[in-house]
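Asker: Got a structure for you, questions after.
There are 2 protein chains.
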Amino acid sequence: MEVGVYLLHRLEELGVRSFFGVPGDFNLGFLDLIDDYTGIDWVGNCNELNAAYAADGYARIKTGSVGAVLTTYGVGELSAINGIAGAYAEIVPVVHVAGFPSLKEQEDKPLLHHTLGNGRYNVYAQAAELFAYSHTILNDPQTAAAEIDRVLSDCILQSRPVYIALPTDVAYIKISHERLSVPLPRLPAQNHSLGEAVVIEEILKLVEQAQGDVVVLVDVGAVRYNAVEEVKAFVETAGFAVYASPMGKSVISEAYERYGGLYTGATTRPEIKAKIEGAKLLISIGALKSDLNTGNFTTRLDVARTVELHHASSKIKFSEYPGIGMKYLLPKLTSALTSASLKSLTLSIPVPKWTHPLPQESDEIISQAWLWARIGQFLQPKDVVIAETGTSAFGVLDIPFPDGAVFISQILWGSIGWTVGSTLGAAMAAREKRLGRTILFIGDGSIQLTVQELSTMLREGLKPIVFVLNNSGYTIERAIRGEHRKYNDVVNWGWIHLMKALGDVDGTRTRSYAVNTKVEIDALLSDGAFSSADVMQVVEIGMKMLDAPYALKVGTAVGSQW
Amino acid sequence: MEVGVYLLHRLEELGVRSFFGVPGDFNLGFLDLIDDYTGIDWVGNCNELNAAYAADGYARIKTGSVGAVLTTYGVGELSAINGIAGAYAEIVPVVHVAGFPSLKEQEDKPLLHHTLGNGRYNVYAQAAELFAYSHTILNDPQTAAAEIDRVLSDCILQSRPVYIALPTDVAYIKISHERLSVPLPRLPAQNHSLGEAVVIEEILKLVEQAQGDVVVLVDVGAVRYNAVEEVKAFVETAGFAVYASPMGKSVISEAYERYGGLYTGATTRPEIKAKIEGAKLLISIGALKSDLNTGNFTTRLDVARTVELHHASSKIKFSEYPGIGMKYLLPKLTSALTSASLKSLTLSIPVPKWTHPLPQESDEIISQAWLWARIGQFLQPKDVVIAETGTSAFGVLDIPFPDGAVFISQILWGSIGWTVGSTLGAAMAAREKRLGRTILFIGDGSIQLTVQELSTMLREGLKPIVFVLNNSGYTIERAIRGEHRKYNDVVNWGWIHLMKALGDVDGTRTRSYAVNTKVEIDALLSDGAFSSADVMQVVEIGMKMLDAPYALKVGTAVGSQW
Numbered sequence: 001m002e003v004g005v006y007l008l009h010r011l012e013e014l015g016v017r018s019f020f021g022v023p024g025d026f027n028l029g030f031l032d033l034i035d036d037y038t039g040i041d042w043v044g045n046c047n048e049l050n051a052a053y054a055a056d057g058y059a060r061i062k063t064g065s066v067g068a069v070l071t072t073y074g075v076g077e078l079s080a081i082n083g084i085a086g087a088y089a090e091i092v093p094v095v096h097v098a099g100f101p102s103l104k105e106q107e108d109k110p111l112l113h114h115t116l117g118n119g120r121y122n123v124y125a126q127a128a129e130l131f132a133y134s135h136t137i138l139n140d141p142q143t144a145a146a147e148i149d150r151v152l153s154d155c156i157l158q159s160r161p162v163y164i165a166l167p168t169d170v171a172y173i174k175i176s177h178e179r180l181s182v183p184l185p186r187l188p189a190q191n192h193s194l195g196e197a198v199v200i201e202e203i204l205k206l207v208e209q210a211q212g213d214v215v216v217l218v219d220v221g222a223v224r225y226n227a228v229e230e231v232k233a234f235v236e237t238a239g240f241a242v243y244a245s246p247m248g249k250s251v252i253s254e255a256y257e258r259y260g261g262l263y264t265g266a267t268t269r270p271e272i273k274a275k276i277e278g279a280k281l282l283i284s285i286g287a288l289k290s291d292l293n294t295g296n297f298t299t300r301l302d303v304a305r306t307v308e309l310h311h312a313s314s315k316i317k318f319s320e321y322p323g324i325g326m327k328y329l330l331p332k333l334t335s336a337l338t339s340a341s342l343k344s345l346t347l348s349i350p351v352p353k354w355t356h357p358l359p360q361e362s363d364e365i366i367s368q369a370w371l372w373a374r375i376g377q378f379l380q381p382k383d384v385v386i387a388e389t390g391t392s393a394f395g396v397l398d399i400p401f402p403d404g405a406v407f408i409s410q411i412l413w414g415s416i417g418w419t420v421g422s423t424l425g426a427a428m429a430a431r432e433k434r435l436g437r438t439i440l441f442i443g444d445g446s447i448q449l450t451v452q453e454l455s456t457m458l459r460e461g462l463k464p465i466v467f468v469l470n471n472s473g474y475t476i477e478r479a480i481r482g483e484h485r486k487y488n489d490v491v492n493w494g495w496i497h498l499m500k501a502l503g504d505v506d507g508t509r510t511r512s513y514a515v516n517t518k519v520e521i522d523a524l525l526s527d528g529a530f531s532s533a534d535v536m537q538v539v540e541i542g543m544k545m546l547d548a549p550y551a552l553k554v555g556t557a558v559g560s561q562w
Numbered sequence: 001m002e003v004g005v006y007l008l009h010r011l012e013e014l015g016v017r018s019f020f021g022v023p024g025d026f027n028l029g030f031l032d033l034i035d036d037y038t039g040i041d042w043v044g045n046c047n048e049l050n051a052a053y054a055a056d057g058y059a060r061i062k063t064g065s066v067g068a069v070l071t072t073y074g075v076g077e078l079s080a081i082n083g084i085a086g087a088y089a090e091i092v093p094v095v096h097v098a099g100f101p102s103l104k105e106q107e108d109k110p111l112l113h114h115t116l117g118n119g120r121y122n123v124y125a126q127a128a129e130l131f132a133y134s135h136t137i138l139n140d141p142q143t144a145a146a147e148i149d150r151v152l153s154d155c156i157l158q159s160r161p162v163y164i165a166l167p168t169d170v171a172y173i174k175i176s177h178e179r180l181s182v183p184l185p186r187l188p189a190q191n192h193s194l195g196e197a198v199v200i201e202e203i204l205k206l207v208e209q210a211q212g213d214v215v216v217l218v219d220v221g222a223v224r225y226n227a228v229e230e231v232k233a234f235v236e237t238a239g240f241a242v243y244a245s246p247m248g249k250s251v252i253s254e255a256y257e258r259y260g261g262l263y264t265g266a267t268t269r270p271e272i273k274a275k276i277e278g279a280k281l282l283i284s285i286g287a288l289k290s291d292l293n294t295g296n297f298t299t300r301l302d303v304a305r306t307v308e309l310h311h312a313s314s315k316i317k318f319s320e321y322p323g324i325g326m327k328y329l330l331p332k333l334t335s336a337l338t339s340a341s342l343k344s345l346t347l348s349i350p351v352p353k354w355t356h357p358l359p360q361e362s363d364e365i366i367s368q369a370w371l372w373a374r375i376g377q378f379l380q381p382k383d384v385v386i387a388e389t390g391t392s393a394f395g396v397l398d399i400p401f402p403d404g405a406v407f408i409s410q411i412l413w414g415s416i417g418w419t420v421g422s423t424l425g426a427a428m429a430a431r432e433k434r435l436g437r438t439i440l441f442i443g444d445g446s447i448q449l450t451v452q453e454l455s456t457m458l459r460e461g462l463k464p465i466v467f468v469l470n471n472s473g474y475t476i477e478r479a480i481r482g483e484h485r486k487y488n489d490v491v492n493w494g495w496i497h498l499m500k501a502l503g504d505v506d507g508t509r510t511r512s513y514a515v516n517t518k519v520e521i522d523a524l525l526s527d528g529a530f531s532s533a534d535v536m537q538v539v540e541i542g543m544k545m546l547d548a549p550y551a552l553k554v555g556t557a558v559g560s561q562w
C-alpha cells in the first residue's frame, strides 16, 4: 500500500470524509491517490487560507474527528499558516499535509521554484513546527506508517493541529498495511487511580457542603476534548445549574431547562451574574480564560469556591492535580451523585429562563439590539450558526439557541474572514451529520478577506444562509479606535451581484436579497421558502455604521490594545 | 517625535508614498499616525496576503525604493507571511511592520486574543525571522531609532524583506529625531580595490580575446540591486549583444537594437540559443539559476567562457571573488571599454531582431500561440505588464516588449494569485512614476485566490486592464499531471459581473468584456477607448483547456516534481 494511501486510510478511520486544499505541483501525485480513494472526497478550495479555515470548521462540527487540509510546498503551506495557528489557539484538531520535495531533490537541493533560493528546504517545516502540536517529514518509508500514526494520534488526543510533510516520491512508496489492523487510540491515557480517588472525594465533599447551590460553567475544553456526553450526564444526573462561557456556548443545549445563559464577567446580565458569582460551589469544565472569553478579564470567580476540570488536570480550590483529566473523572463523579436528596436540593435552586425578547423600537432602522432578538426567533433546532469576529460574534452571544443548535466562532484567535472558510467546512460536516441549516453572520469588512470561498459552497451544492451585515466598514474597530478614520472604511460592494460573479451566472442556483428596514427583514425571515434554505442564499442587511451589540456598547468586552 | 512617526519619516526618505495593509487592534494607534502623516498614503487592502503582494509589486516597480506593509499581531502577520517569503525569494525589498502587544502586556502576558493561548508572545516574530533578512522588536525606545535604521538599511541594500514588530505603546513614545539628519545609506560597501583591479584586468583580457563575440546575459540581480543604469552604460558603450533570462526580461529595453531576446535553455529558439551558447565570452549579470529561470536547468553555459557579476561577488571562469560587486565594478569596466576598435568588432556580430509574428491560423479559436503574438502588437512603450505563474507567465515571455515596457512575474516563488495584489502595488507605483498602462494576465484559476483586491484598485482610481484567460481551471498543472482530474477544475465564474460585485455597483466606473474568437479580441484590442485604459477594465478571454504556450508545450519548462 502506498504511503499516501496509508495516510488516507488513517484519516478515514478518524472520520475524515472531506479533504480540503489547493493543488500544486508538489502534491499532484498525492491528489491522484485522493481522487482514486473512495472513502474521502477532495474539496478544492479557492486558496489555502480558506482551505485551512474550512478544515477547522469541519473539525469543530465533527466532534471526535479531525479536519484535513492539503497544500503544496512553500507557497501553499505558508498561505495556510494563519489558519493552522488559529486551530492551535482554539484547540481544533486539523491535519495539515504539505507537499514536499522528493528524496533526491532534498539531497541535491536544486534551486527549485517555491524555494527561497538559498537551499533551506526545511524552512517551511520550521515555521510549521511553531504552530503544530506534532510534526513529521515522511522521509523514511520504514517509519512512515508509525510516524503517521504518531502525529494523527496526537492530533485527535490533544485536539491540536499537526503537520505532515509528504515528499512527492514517498507518497508512492509501498509499505505494509499491517499497522492498520490496530486502530488509532481515541481515548486519553487513564487517570492515576489514587489521585483520581482523592479528587473525587474532595469534590463530593464540596458538593455536599454546597447544599445544591452548585453552578457548572461549561467552556470550550468540554467539546474539544470530546467530553460533551460526560458533561451532560454529570449535570443532568445532579441537576446542577449550567452556564456557559462564550467559547462554550451551545456545548450544552441552550434549551435545557437547567441552562441559564452565558457568563461574560462584567457584561453578564446582572441577574445571571449574581447567580454564578454567588454560588456556593462552581465547577468549571474546560475553561479557557482569554480576554474575550471572560468579558475582558472581568469574571470574578472565588477560587476558594471553585473546582476546575480540564483535559489533563484538575484543580480544587488552590490545589492542582496534574494528570487527572475530566474524560474519566466525570463519569465517576456522575455515578457518585445519583442520590435523590442531592437532586431535590439542586432543583430547589431555580435557574431563570434565559430569553432575549424583541425590544420595542419605533423606527424602521435595523438596530443591533433588535436584529439579534429577531434572529433568535428565526433559529431552528440543529441549526449550525457561525459568527464572525466583530459585531456578529458579540451579537450572536445575545441569542438563546434552540435545542441542538450549534455555535462556532473564533473568540480567542479572532482572525477576521475565518468564518467564510469555516462555513464551508462546517456545512460539509453538517451535511454528513444531517444537522440543520448552516447560517453565517459576517460584516461587510470581514467577508472581503475570504469571499471567494462562497464559490466553493455553490459548487459543492451546499445551501448556507449568509447574512452580510453591511455597516460600512470595520465597526468592531471603530468601537476601539478611529471611529471616523478612513482606515476603517471598506469599499461598498454590490452584494446582490456577488453570487452571479462567483459562479451562479444565470442566477438559478442561489437567491440574494438586500433588506434595509425591520419590515423587510421580518418579511424575509418569515418567508417559508427563505427559511427552508433550499438553495444557497445571501442577505445584505443595511445597518448603522456605529451601532453595536450590547456587550460592545458597554465597553468592557474589548480592551484597548495601546 | 513618536517612534511611529520616526519610522514614517525613514520610509518616506526611502521613497515610500503608499503604505499597504489591513487594520487590526494592535496597529490602530500607528494607523492614526499614518493617517495624520502627509507624505505617505494609507492603502487599506482586503486581506493581508494581498497587502504583502501589493507591497512587493510596488517595490518592484519603484526600483531603488522599498514596499511597506502593515499587519496586526498574529492573525494579520501570519496571513502575510507567504507574500513576505516570496519577496525574500525574489529579492524584493519589503518592510513588514506588525502591530505587537504593549510593553506591559509583554511583561504580564495576559491571555489576549490573537495569541496561541500559551503565553508564547514572540512566536510570530520567530516565524517572521525565517523569511526576513533582518528583524527587530522595538521594545526599547532608547534604541528604536537605531534599530529602525539598521533594518531599513538592510532592506534597501540587501533588497530583501525585513520585519519590524511595533508594540502598541512604543509607537507613541517620543524619541529624538536627531538621527534623521543623516540619510540612510543607499549604496553598498565599496569593493576591495586591489581585488577589484584584478577582476577588471581579467575581464578586459577575456573581452580582448573574444574579439567582439561577447554576449551579456542580464538577470534579475541587475534590477533588484539597482544596477540597471550601470548595466545599460556597460552594454551600450561596448556594443555587446544582450539577452535576458525570464526574470531579467525588460531590465534592458527589449527595443534596444543589440537586444536579442530571452535565453531559457533548451526551450530557447534555436537561432538565439546558438548565438548565446556559442559566444566566445559570456558575461552574466545578476543571475539567479532557478528551475524556471533556466528552462528547467537546461541552460548550457561553458564555465570556461563565462564571467558572472553579482551583487556582492564576481566569478571569472572557475575563480570566485567574494566582495567584488557589480554596482562599482561595472562603471569601471565601462570606462575601460570605450575603444572604437572594440565596438566595431562587437557590432560586426549581428544580433537578429527578436520578433514574434502573428501565426496564420484558419480557425477562430483564440489559441495561446496566436494570443501572445497579438498581445505583442497591443503593448505600448512604458506599459507595466504583470503575468501570473501559469500559462500567462510562459506566454508573456514569448512577447518582445516595446521600449520602456516593464515585466514583472514571480518566476522563482510562483505563488499563484500573487499578481492580483502585486498589480495593485505596481499600478500605484506606475502612477507615481508616470509610467504607462498597467496590464495583468492571469488565469481563471489563479485569480480566484486573491480576486478581492480588484476592489481596492477600483477605490484607488487605478485603471488596470485585467485579462482573465478562462481555460477552465489550472492548465499549468494539467501540463504537469492530472490533465482531466477534477482537482484541476475550478468553478466557472461570471467574470462579466465581477466588478459590479466588487464595488462598481452601477457599472459606471469599469468596463467588462468577454471575447471568445479572434475577431472579437482583435476588435477589442484595436478599439481606441479600450486601448486608452481610461477606466479599469476586465476582459475574459475564452480559451481551450489544454492549450499552452510554446515553452510549456515543448515540455522541458516545468519539471515533474514526483
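Chains as they are written, first to last, in full-length UniProt numbering: chain A, 1 to 562; chain B, 1 to 562. A virtual CB, placed ideally from N, CA and C, is assigned to each residue, including glycine.
(1) Under 8 Å, do phenylalanine 234 of chain B and threonine 334 of chain B count as touching if we go by C-beta distance?
(2) Beta strand (DSSP E) containing threonine 71 of chain A: first to last residue?
(3) Could you tell me which residues DSSP puts in a beta bridge with valine 94 of chain B?
(4) Against chain A, does tyrosine 225 of chain B count as a neighbour if the rule is that its beta carbon must be under 8 Å from one of theirs?
(5) With 16 as the cutoff for other CB atoms within 10 Å, does proline 374 of chain B come out buried or exposed?
(6) Report the residues of the region 22–38 of chain A with a CB closer than 7 Å to any CB of chain B, ordered along the chain.
(7) Can you grab the Cα-Cα spacing for the pair isoleucine 34 of chain B / alanine 51 of chain B, in whole Å?
(8) My output table needs one value for glutamine 410 of chain B: the three-state DSSP class, helix, strand or coil.
(9) Drop a sphere of 10 angstroms on the beta-carbon of histidine 310 of chain A, count the other beta-carbons inside from all chains shown, and report buried for 16 or more, exposed for fewer.
(10) According to DSSP, is tyrosine 259 of chain B part of a helix, a strand, or is it coil?
(11) Would you list the residues sitting across from threonine 450 of chain A in a DSSP beta bridge?
(12) Under 8 Å, Cβ to Cβ, is there at least one residue of chain A near tryptophan 493 of chain B?
(13) Could you pull out every residue in the same chain whose Cβ sits closer than 7 Å to the Cβ of aspartate 398 of chain A, ignoring the five residues on either side in sequence?
(14) Identify every residue that forms a DSSP beta bridge with glutamine 537 of chain B.
(15) Around the C-beta of asparagine 45 of chain B, are 16 or more other C-beta atoms found within 10 angstroms, so that it is buried, or is it exposed?
(16) For cysteine 155 of chain A, return the contacting residues in chain B, with the cut-off set at a CB-CB distance below 8 Å.
(17) Please list the segments of the beta strand (DSSP E) lying wholly inside the region 228–275 of chain B, counting only runs of 3 or more residues, in order along the chain.
(18) Based on Cα-Cα distance, which residue from A:Val22, A:Pro246, A:Leu435, A:Asp36 lies nearest to alanine 222 of chain A?
(19) Within 8 Å of any Cβ in chain B, is that where the Cβ of alanine 85 of chain A sits?
(20) Could you give the C-beta distance for serine 79 of chain A and asparagine 82 of chain B, rounded to a whole number, given that I count them as a contact under 8 Å?
(21) Which residues in chain B sit within 7 Å of valine 69 of chain A, going by Cβ to Cβ distance?
(22) Roughly how many angstroms separate the alpha carbons of leucine 282 of chain B and aspartate 169 of chain A, rounded to a whole number?
(23) How about serine 532 of chain B and leucine 525 of chain B: do their beta carbons lie closer than 8 Å?
(24) Which residues mark the beginning and the end of the alpha helix (DSSP H) in which tryptophan 370 of chain A is found?
(25) What residue from B:Ala427, B:Ile316, B:Asp363, B:Asp506 has the CA that sits closest to glutamate 520 of chain B's CA?
(26) Specify the secondary structure class of asparagine 47 of chain B as computed by DSSP and reduced to three states.
(27) As a quick exercise: from B:Gly212, B:Val491, B:Leu337, pick the residue whose alpha carbon is nearest that of serine 348 of chain B.
(28) Whole alpha helix (DSSP H) runs in the region 325–365 of chain A with 4 or more residues, listed along the chain?
(29) For lysine 174 of chain B, which residues does DSSP report across the bridge?
Answerer: In short:
(1) In contact: phenylalanine 234 of chain B and threonine 334 of chain B (Cβ atoms closer than 8 Å).
(2) 67–71
(3) B:Gly67
(4) Output row for tyrosine 225 of chain B: interface = no.
(5) In the sequence as displayed, the identity of residue 374 of chain B is arginine instead of proline. Buried is the call here.
(6) Pro23, Asp25, Phe26, Leu28, Gly29, Leu31, Asp32, Asp35
(7) 16 Å
(8) Residue state, collapsed to three classes: coil.
(9) buried
(10) strand
(11) DSSP output for threonine 450 of chain A lists no bridge partner at all.
(12) yes
(13) Same-chain partners within the cutoff: His356, Trp372, Pro549, Tyr550.
(14) Glutamine 537 of chain B pairs with B:Ile465, B:Arg511.
(15) buried
(16) Correct list: empty, because the minimum Cβ distance to chain B is about 16 Å.
(17) 241–244, 259–262
(18) Taking each of A:Val22, A:Pro246, A:Leu435, A:Asp36 in turn and checking the Cα distance to alanine 222 of chain A, the smallest one comes out for A:Pro246.
(19) Output row for alanine 85 of chain A: interface = yes.
(20) 4 Å
(21) Those within 7 Å of valine 69 of chain A in chain B number zero; the least Cβ separation is about 14 Å.
(22) 37 Å
(23) No Cβ-Cβ contact shorter than 8 Å links serine 532 of chain B with leucine 525 of chain B.
(24) Residues 368–378.
(25) B:Asp363
(26) coil
(27) B:Gly212
(28) 326–336, 340–347
(29) B:Glu2
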